[in-house]
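Visitor: Can you keep this structure in mind? I'll have questions shortly.
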Amino acid sequence: MFRFILGRLLQGLLVLFALYTITFFLAKAMPGEPFTTEKNVSETTKQYLRKLYGLDKPLPAQYIIYPSKIITDRDFGVSTSKGRPVRDIIAQSFPVSLILGLGAMSFAIGIGIPIGIISAVRKNSWVDWSLMAVAMVGICVPAFTIGPLLQILIAANVPGLKVAGWGNPLDFLLPAFTLGLVSAAYLARLTRGGVLEILSQDFIRTAHAKGLSPTRVILKHGLRGGLLPSVAYLGPAFAAMISGSFIVETIFQVPGMGQHFVNAAISRDEFLLMGVALFFGFLIIMMNLISDILTGILDPRVRIGKAAQ
Amino acid sequence: MSEKTPEAGSSLWRDAWLRMGKNKAAMASLGVFTLIVFMCFGVAWFCKDPNAVTLTNKFASPSGEHWMGTDALGRDLFSRILYGGQISILVGLIATAVSVCIGVTYGAVSGFAGGRPDALMMRIVDTLLSIPFLVVVIVLQAVLSVWSSDTSSWIVQHWNWDKTFTDRLTNIVPLFFALGLFGWLTLARIVRAQVMSLKEREFVEAARALGYDRFRILFRHIIPNTLGPTVVYATLTVPGFIMYEATLSFLGLGVEAPNSSWGILIKEGANFMETHPALLIIPGIFFSLTLFSLNFLGDGLRDAFDVKASKD
Chain W
7 MFRFILGRLL QGLLVLFALY TITFFLAKAM PGEPFTTEKN VSETTKQYLR
57 KLYGLDKPLP AQYIIYPSKI ITDRDFGVST SKGRPVRDII AQSFPVSLIL
107 GLGAMSFAIG IGIPIGIISA VRKNSWVDWS LMAVAMVGIC VPAFTIGPLL
157 QILIAANVPG LKVAGWGNPL DFLLPAFTLG LVSAAYLARL TRGGVLEILS
207 QDFIRTAHAK GLSPTRVILK HGLRGGLLPS VAYLGPAFAA MISGSFIVET
257 IFQVPGMGQH FVNAAISRDE FLLMGVALFF GFLIIMMNLI SDILTGILDP
307 RVRIGKAAQ
Chain Z
11 MSEKTPEAGS SLWRDAWLRM GKNKAAMASL GVFTLIVFMC FGVAWFCKDP
61 NAVTLTNKFA SPSGEHWMGT DALGRDLFSR ILYGGQISIL VGLIATAVSV
111 CIGVTYGAVS GFAGGRPDAL MMRIVDTLLS IPFLVVVIVL QAVLSVWSSD
161 TSSWIVQHWN WDKTFTDRLT NIVPLFFALG LFGWLTLARI VRAQVMSLKE
211 REFVEAARAL GYDRFRILFR HIIPNTLGPT VVYATLTVPG FIMYEATLSF
261 LGLGVEAPNS SWGILIKEGA NFMETHPALL IIPGIFFSLT LFSLNFLGDG
311 LRDAFDVKAS KD
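Chains W and Z, in that order, give the protein sequences. Converting from the first sequence to the numbering used here requires adding 6 to each position, the first position being numbered 1. Converting from the second sequence to the numbering used here requires adding 10 to each position, the first position being numbered 1.
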């Protein structure tokens, strides 16, 4: 297990490095100049700014300086469009994204997994078909349609819920629901498939034959294996919920990390872009690792398979 | 699962087609998708100009003149939806084609080569798979969109193409590649697994005995046999790309006027949702219906070809 984790961590470093390389060169290839947003910047000021941010050095030097500063000083550079350290920007907006992501994840698990189990148990009945059709709606209707619809239908009518904004404890409900809905739908499909596969196996028949109650057979024996695909999905999905929430943040005006990322890409703010991209990459890699470890705990076959390789 | 599929290639496809025919949801989806494609690429040519602005006729209700009413600039919503659908569907299909070309070739070469080249190529795929897709596409799209305007003026200058047409073309072509360039990874894995089992089969041995070179064996004998899973996976990829396109357009990084797509229409509609929710809901219905039918179609194909859902 230890060797497995170590190997994955090393691979994760490699991935981060690849991600850094891609974003670095894409950021350099991005159109326009930094510092053009401020009006009337003279050429000398610009040169001074470039020097200040270390942008006057040759490309290979810049390519090495950025990651080494992260390692030695935990310095992610300074945002050229906001004039603040990228680290502060991340530290300020990450908790918001995290709350949103946790809320979304709770919705996804709370809705998706029960629906999947019910569908699997009632396989090929009208309950199954209608639940799966609802799940398909969750996958096919984009967040930028559901979000505005929720705003008109619910936020405008229910007291205590605001159409947009962030500050009150209840404000996270609608964005989190919107964000979690797609994952809930995927989870429902994955759980259904996983549980169905397990329920068709011999040890389930044995459990029934032993006289266990159907509820117990499903919850105790069916779920352990049946949840495997869902667990494997949840790790990356959670990271994606935290990092990929640009749309939901835009619709509900949530001050999370996603907006910085899109703004950085538009305003050619390379340090912010690289900083946020690396942070996202790190999150995704860690979440993948965690879900792999959980899969290993739930399913001994995975560990044996890994060892056999 | 337990029975072996017969060797003859044509009967696999016929079997799959017969099984498809019994799946009502999949057949209905095929019908819906065909209808939407027919409307967007056929009926659209007989509709009003989607960009004709009539400021005196803003937010009109549906009528004989404007079947679905008009938008904030008095443009005909029905024809905007059909023309927008052209771009959305094209982006989905062409980006899928790009990723299928790359994915099948890469996966097949990797699986056929085996050994160290295979291990290296798959490590590269693993690495790329862990890179957040949308993150890279957004940056890539920001870079490509400026190149595209340069390319556009170059083409107009040197080749004398129509300016509006060229602008439209160079606006959407980068999208195909930004999406397609990263969408091939899972497909490469699927094809590799297929090729690895296929290359041990007798017909490959026979082809080798006939003295065919490796290139011909791979592309003429092995790859055609991986088409089933490829078709299934590609069908499920198209709605994903359509969704990505809409997401990018919604963020202002995708399709730009005078082009429009369903993502753009939904974005425009969301601005006026409180007073005129139809502008948000009608494009949303078309968009969701397309994704719905493609997903059901893909599921149906998967059952018909009996492809295992597992990833490796």
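Ideal Cβ positions, reconstructed from N, Cα and C, are used throughout, including at glycine.
(1) Where do the N-terminal and C-terminal ends of the alpha helix (DSSP H) with Z:S270 fall, by residue?
(2) For chain W, check one thing: does any of its Cβ atoms lie closer than 8 Å to the Cβ of Z:G282?
(3) Is there contact between the stretch 293–303 of chain Z and the stretch 145–157 of chain W, where contact requires at least three CB pairs shorter than 8 Å?
(4) Return the chain-ordered list of same chain residues with a C-beta closer than 8 Å to the C-beta of W:A35, the five sequence neighbours on each side being excluded.
(5) Would you decide whether Z:T174 is buried or exposed? Buried here means 16 or more other CB atoms lie within 10 Å of its CB.
(6) If we ignore side chains and look at the alpha-carbon of each, how far apart do Z:T115 and W:L279 end up?
(7) Just confirm the distance between the C-beta atoms of Z:E255 and Z:S98, as a whole number of angstroms; I'd bet it's less than 8 Å.
(8) Count the other CB atoms within 10 Å of the CB of W:D79; is the residue buried (16 or more) or exposed (fewer)?
(9) Quick one: Cα of Z:L258 to Cα of W:P220, how far?
(10) For Z:M253 and Z:K277, I'd like the C-alpha separation in whole angstroms.
(11) Going along the chain, which residues of its own chain have a beta-carbon closer than 6 Å to the beta-carbon of W:L196, five neighbours each way excluded?
(12) Is W:I310 buried or exposed, if buried means 16 or more other CB atoms sit within 10 Å of its CB?
(13) Using a beta-carbon distance below 8 Å, is W:I11 in contact with chain Z?
(14) Measure from the alpha carbon of Z:S271 to the alpha carbon of each residue in Z:C50, Z:N235, Z:A38, then state which is nearest.
(15) Going by DSSP in three states, W:A313 sits in which element: helix, strand or coil?
(16) Look at the alpha carbon of W:R90 and the alpha carbon of Z:V166, and state the distance between them as a whole number of angstroms.
(17) Between the alpha carbons of W:L185 and W:A191, how many angstroms are there, rounded?
(18) Quick check for students: name the residue ranges of the alpha helix (DSSP H) that lie wholly in the stretch 125–172 of chain W, counting only runs of 4 or more.
(19) If you draw a straight line from the C-alpha of Z:W169 to the C-alpha of Z:T180, how long is it?
(20) Using DSSP with H/G/I as helix, E/B as strand and the rest coil, what is Z:D86?
(21) Hey, quick one: how far does the alpha helix (DSSP H) through W:S249 stretch, first residue to last?
(22) Can you give the Cα-Cα distance for Z:I104 and W:S136, rounded to whole angstroms?
(23) Starting from Z:M37, follow the alpha helix (DSSP H) in both directions and report where the run begins and ends.
(24) One question on the structure: do W:L300 and W:R230 come within less than 8 Å of each other, judged by their Cβ atoms?
(25) Do the stretch 50–61 of chain Z and the stretch 21–40 of chain Z meet, that is, are 3 or more Cβ pairs less than 8 Å apart?
(26) Looking at chain W, is there any beta carbon in it that lies within less than 8 Å of the beta carbon of Z:L150?
(27) Taking the alpha carbon of Z:F251 as the point to measure from, which residue in Z:N305, Z:F88, Z:V47, Z:L65 has its own alpha carbon closest?
(28) DSSP puts Z:F80 in a beta bridge; with which residues?
(29) For Z:A355, collect the residues of the same chain with a Cβ closer than 7 Å to its Cβ; drop the 5 residues on either side in sequence, then sort them by chain order.
(30) Let me know the secondary structure DSSP gives W:P66 once reduced to three states.
(31) Find the residues of chain W that neighbour Z:K277, judging by a C-beta separation of less than 9 Å, and give them in chain order.
(32) Going along chain Z, which residues have a C-beta under 7 Å from W:A326?
(33) Which partner residues of W:V84 appear in the DSSP bridge assignment?
(34) Beta-carbon of Z:V145 versus every beta-carbon of chain W: anything under 8 Å?
(35) Indicate whether Z:V201 and Z:A118 have their beta-carbon atoms separated by less than 8 Å.
(36) Would you mind reading off the limits of the alpha helix (DSSP H) that contains W:N294?
Guide: By the coordinates alone:
(1) In the second sequence, residue 270 of chain Z corresponds to position 260, counting from 1. Premise fails: Z:S270 is in no alpha helix (DSSP H) and is neither H nor E.
(2) Residue mapping note: residue 282 of chain Z aligns to position 272 of the second sequence, counting from 1. The amino acid at residue 282 of chain Z is misidentified as Gly; the sequence shows Phe. It does not; no Cβ of chain W falls within 8 Å.
(3) yes
(4) Along the first sequence, read from residue 1 onward, the residue named residue 35 of chain W stands at position 29. Result list for W:A35: empty, nothing under 8 Å.
(5) Taking the first residue of the second sequence as 1, we reach residue 174 of chain Z at position 164. Z:T174 should be labelled exposed.
(6) The residue given as residue 115 of chain Z occupies position 105 in the second sequence. The residue given as residue 279 of chain W occupies position 273 in the first sequence. If you take the alpha carbons of Z:T115 and W:L279, they lie about 33 Å apart.
(7) Against the second sequence, residue 255 of chain Z aligns to sequence position 245. Against the second sequence, residue 98 of chain Z aligns to sequence position 88. Correct: roughly 6 Å between the Cβ atoms.
(8) The residue given as residue 79 of chain W occupies position 73 in the first sequence. Exposed, because fewer than 16 other Cβ atoms sit within 10 Å of the Cβ of W:D79.
(9) Reading the second sequence from its first residue, position 248 is the one you call residue 258 of chain Z. Reading the first sequence from its first residue, position 214 is the one you call residue 220 of chain W. Approximately 47 Å, taken between the alpha carbons.
(10) Counting from one through the second sequence, the residue named residue 253 of chain Z turns up at place 243. Counting from one through the second sequence, the residue named residue 277 of chain Z turns up at place 267. Roughly 13 Å between the two C-alpha positions.
(11) As a working mapping, residue 196 of chain W is identified with position 190 in the first sequence. So the qualifying residues of the chain are P235, S236, Y239.
(12) Position 304 of the first sequence holds residue 310 of chain W. Bear in mind that a pLDDT of 47 at W:I310, under 50, signals an unreliable position, so the number given afterwards is only what the model happens to contain. Exposed is the call here.
(13) As a working note, residue 11 of chain W is residue 5 in the first sequence. By this cut-off, W:I11 is not an interface position.
(14) Your numbering for residue 271 of chain Z matches position 261 in the second sequence. Ranking the options by Cα distance to Z:S271, first place goes to Z:C50.
(15) Position 307 of the first sequence, counting from 1, holds the residue named residue 313 of chain W. Below a pLDDT of 50, predicted positions are generally treated as unreliable, and W:A313, at 45, falls in that range; the measurement from the model is reported next regardless. Here W:A313 sits in helix by DSSP.
(16) Translated into the one-based positions of the first sequence, residue 90 of chain W becomes position 84. Translated into the one-based positions of the second sequence, residue 166 of chain Z becomes position 156. Approximately 42 Å between the Cα atoms of the pair.
(17) Working through the first sequence from its first residue, we reach residue 185 of chain W at position 179. Working through the first sequence from its first residue, we reach residue 191 of chain W at position 185. Using only the alpha carbons, I get a separation of about 11 Å.
(18) 132–146, 149–156
(19) One-based indexing of the second sequence puts residue 169 of chain Z at position 159. One-based indexing of the second sequence puts residue 180 of chain Z at position 170. Using only the alpha carbons, I get a separation of about 14 Å.
(20) Here residue 86 of chain Z refers to the residue found at position 76 of the second sequence. Strand at Z:D86.
(21) By 1-based counting over the first sequence, the position of residue 249 of chain W is 243. That run of the alpha helix (DSSP H) goes 234–249.
(22) The residue given as residue 104 of chain Z occupies position 94 in the second sequence. The residue given as residue 136 of chain W occupies position 130 in the first sequence. Cα-Cα distance, rounded: 33 Å.
(23) Here the question's residue 37 of chain Z lines up with position 27 in the second sequence. Run containing Z:M37: 34–51, per the alpha helix (DSSP H) assignment.
(24) Locating residue 300 of chain W in the first sequence gives position 294, counting from the first residue. Locating residue 230 of chain W in the first sequence gives position 224, counting from the first residue. No.
(25) no
(26) Against the second sequence, residue 150 of chain Z aligns to sequence position 140. For Z:L150, the answer is yes, since a Cβ of chain W falls inside 8 Å of its Cβ.
(27) As a working note, residue 251 of chain Z is residue 241 in the second sequence. Closest option to Z:F251, Cα to Cα, is Z:N305.
(28) Position 70 of the second sequence, counting from 1, holds the residue named residue 80 of chain Z. Contrary to the premise, residue 80 of chain Z reads as Thr rather than Phe in this sequence. Answer is Z:D86, bridged to Z:T80.
(29) What the structure shows of chain Z is the stretch from 11 to 322, and residue 355 of chain Z is not part of that stretch, so it cannot be assessed.
(30) Reading the first sequence from its first residue, position 60 is the one you call residue 66 of chain W. Looking at W:P66 - three-state DSSP - the assignment turns out to be helix.
(31) Here residue 277 of chain Z is taken as the residue at index 267 of the second sequence, counted from 1. F150, listed in chain order.
(32) Residue 326 of chain W lies beyond the residue range present for chain W, which begins at 7 and ends at 315; the question has no answer from this structure.
(33) As a first step, residue 84 of chain W is located in the first sequence; it is residue number 78 there, counting from the start. Answer is W:P91.
(34) Position 135 of the second sequence, counting from 1, holds the residue named residue 145 of chain Z. With 8 Å as the cut-off, Z:V145 counts as an interface residue toward chain W.
(35) Translated into the one-based positions of the second sequence, residue 201 of chain Z becomes position 191. Translated into the one-based positions of the second sequence, residue 118 of chain Z becomes position 108. Closer than 8 Å, so yes.
(36) Position 288 of the first sequence, counting from 1, holds the residue named residue 294 of chain W. It spans 276–304 - the alpha helix (DSSP H) in which W:N294 sits, taken as one unbroken run.
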